[in-house]
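With full-length UniProt numbering, letter number 77 in the sequence shown gets 77, and the count goes up by one each step, no holes. From the three backbone atoms N, C-alpha and C, an ideal C-beta is built for every residue, glycine too. Values in this document were obtained by computation on a predicted structure and should not be read as measured data. Take a look at the structure set out below.
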Amino acid sequence: MYGRILLSVPAVMQLIGPFYADFSHTHVFNPNWPPHAKFHNGQTMSMGACLCFITLYYTFRPTVDVVQEKDSLFTAALMASLYWGTG
């Protein structure tokens with residue numbers, strides 16, 4: 001159970017954190033930012049949200065046996081780390 005919590009907390013943080021930090025006058029609402037930079041910022045925020053939902057799905061989805069549960073948790077850990085590995 002602790003492993004599932006350790007996967008869930010960073011996943012939710014990568015959903016909330018970028019939206020909290022980037023919806024400000026220094027990023028999304030910055031008039032000096034070119035549209036292409038705002039596009040990439042939105043793309044990164046969307047990637048974090050998608051990886052969060054995928055991580056939570058594989059962390060808590062019902063499984064039929066131990067092998068499938070291990071595979072699901074491995075996939076969840078991989079998805080949770082992709083955001084940080086690409087930065």
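Nearest-angstrom Cα separation, counted from A49 out to N30: The sequence position of residue 30 within the sequence shown is 30, counting from 1. The sequence position of residue 49 within the sequence shown is 49, counting from 1. Each residue's Cα considered, the two are about 22 Å apart.
Residue range of the alpha helix (DSSP H) that P62 falls in? Here residue 62 refers to the residue found at position 62 of the sequence shown. P62 -> no alpha helix (DSSP H), and no H or E assigned at all.
To the nearest angstrom, how far is the alpha carbon of G42 from that of L15? Here residue 42 corresponds to residue number 42 of the sequence shown, with the count starting at 1. Here residue 15 corresponds to residue number 15 of the sequence shown, with the count starting at 1. Between G42 and L15, the C-alpha separation is close to 12 Å.
For P18, which residues in the same chain have their Cβ closer than 7 Å to its Cβ, ignoring the five residues on either side in sequence? Here the question's residue 18 lines up with position 18 in the sequence shown. Result list for P18: T44, M45, G48, in chain order.
Classify Y20 as buried or exposed, calling it buried when 16 or more other Cβ atoms lie within 10 Å of its own Cβ. In the sequence shown, counting from the first residue as 1, residue 20 sits at position 20. Here Y20 is exposed, its C-beta having fewer than 16 other C-beta atoms within 10 Å.
Going straight from the alpha carbon of K70 to that of K38, what length do you get? What you label residue 70 is simply residue 70 of the sequence shown in a count that begins at 1. What you label residue 38 is simply residue 38 of the sequence shown in a count that begins at 1. Looking at the two C-alpha atoms, the distance is approximately 38 Å.
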